[in-house]
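One structure below.
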Amino acid sequence: MLAESQSGSSAEITLTNAALVHALPAEVADQRLPVRLEGVVTHYHPLLSDGICFQDSTDGIYVSLRGLKPEVSVGDRVVIEGETGSGDYAPIVQLRRLENLGRGVLPEPERVTAAALATGRYDSRRVEVRGIVRSAVPAFRTSKAQAHLAMELRSDGTDLLVRVTEYGPATTNLVDAEVIVRGTAAGVFSWQRQLLAPIVVAASDAEVKVVRPARPVETLPVVTIRSLFHYSPEGFPQHRVRVRGHLLGRHAGQRLTVRDATSGLFVEATGSGDLLPGDELDLVGFPEMREHSLWL
3 MLAESQSGSS AEITLTNAAL VHALPAEVAD QRLPVRLEGV VTHYHPLLSD
53 GICFQDSTDG IYVSLRGLKP EVSVGDRVVI EGETGSGDYA PIVQLRRLEN
103 LGRGVLPEPE RVTAAALATG RYDSRRVEVR GIVRSAVPAF RTSKAQAHLA
153 MELRSDGTDL LVRVTEYGPA TTNLVDAEVI VRGTAAGVFS WQRQLLAPIV
203 VAASDAEVKV VRPARPVETL PVVTIRSLFH YSPEGFPQHR VRVRGHLLGR
253 HAGQRLTVRD ATSGLFVEAT GSGDLLPGDE LDLVGFPEMR EHSLWL
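Every position in the sequence shown, counted from 1, becomes a number in the working numbering once 2 is added.
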């Protein structure tokens, strides 16, 4: 299957692997050097993306489709012809022609942490990350008809956003489960070409493997507020905890102040409109420290 545009490049040297393109300085990539690559599509959804993620044996690279609509799916082996561009963060390929060679084999993902992804070194490469799901909600892109699943993952103490393109209802019920996610490393970038936050984009929920299911809320033991973030041989809690206390006050937005017999904390709550000071609350959430204050 072919997809072509009319523009091309008059440069004589053709770059033939993704690593060469990715290593170009931005000012050189802007010279629109010709590119011809062969590899596998690692991420693409025509309703949610204006480009594809591609990987060959040397590196991954983002390919801007420039309005083309190739008949291609994740896992297809393709030949890409185009020209270099500086991209929003790292150098990219601007597509001129794509040939679909049929089904290929997805590259084996590299095992990484959220902290490693924040360095930017894995840009556009297929990765695998392990962590605890802190939220999972459908999210829409502006002017796009289909939602993706926005999943917040805590990986070794660092937060990571995961976008799952195709998913079923069960995937939204993974809060507090420990999972392994496979996908392509991407990010949120500033207008100055800086990486603001790493993202992993997964083609479907088949790439989200549950390692340890979430513990049912009703089985969580009630702990004292004062016990949170004190020394423990197991370390600080990564999963949800359960506390009971009385509502002291409500603040701007959904912020509450709650205290039990031992100490107090701030709570980010939803659906708290009917609560009154003095009400006894049974709270479940993820504890964290913010500017010397305990939050749930």
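Ideal Cβ positions, reconstructed from N, Cα and C, are used throughout, including at glycine. Since we're looking at a predicted model, the values are computed, not measured.
Name the one or two DSSP bridge partners that residue i has.
i	result
HIS248	ARG261, GLU282
ASP161	ARG156
HIS45	CYS55
ILE94	GLY87
LEU298	In the DSSP output, where bridge partners are listed per residue, LEU298 has none listed.
THR186	ARG128, VAL203
PHE191	LEU197
GLY107	The residue you asked about is not Gly; residue 107 is Val in the sequence shown. None; VAL107 has no bridge partner.
VAL139	ALA152
PRO36	GLU85
GLU290	TRP297
GLU168	SER206
ARG113	GLU130
VAL243	GLY287
Tell me the residue span of the alpha helix (DSSP H) that contains residue i.
i	result
GLU220	That residue, GLU220, is in no alpha helix (DSSP H); it is neither H nor E in DSSP.
GLU29	28 to 31
VAL23	20 to 24
LEU119	116 to 119
What is the residue span of the beta strand (DSSP E) that residue i lies within?
i	result
LEU198	197 to 206
LEU267	266 to 270
GLU209	Premise fails: GLU209 is in no beta strand (DSSP E) and is neither H nor E.
GLY69	Taken as a continuous stretch (DSSP letters only), GLY69 belongs to no beta strand (DSSP E), as it is neither H nor E.
Short check: CB of residue i to CB of residue j, under 8 Å?
i	j	result
GLY106	VAL23	no
ARG257	HIS248	no
PHE288	ARG132	no
ALA211	VAL181	Rather than Ala, the amino acid found at residue 211 in this sequence is Lys. Yes, Cβ-Cβ distance for LYS211 and VAL181 is below 8 Å.
VAL37	GLY53	no
ALA31	PRO93	yes
ALA138	THR174	yes
LEU222	ARG244	yes
GLU40	ASP58	yes
VAL164	ASP207	no
VAL81	LEU103	yes
Rounded to a whole number of angstroms, what is the C-alpha to C-alpha distance between residue i and residue j?
i	j	result
GLN196	GLU282	46 Å
GLN194	HIS150	27 Å
PHE268	GLU29	48 Å
SER75	LEU108	11 Å
GLY77	THR44	6 Å
PRO200	LEU26	21 Å
HIS47	ALA20	21 Å
ARG184	LEU198	21 Å
LEU17	PRO72	22 Å
THR186	THR115	13 Å
MET1	LEU298	Missing from the structure shown is residue 1; the chain here goes from 3 to 298 and no further.
LYS146	SER51	Since pLDDT at LYS146 reaches only 49, below the 50 mark, its modelled position is unreliable, and the value read off the structure follows with that caveat. For LYS146 and SER51, the distance between alpha carbons rounds to 9 Å.
THR264	LEU155	30 Å
ARG34	ASP125	20 Å
ARG214	SER157	14 Å
ASP284	PRO218	15 Å
PRO140	VAL203	14 Å
GLN96	ARG79	18 Å
THR86	PHE56	14 Å
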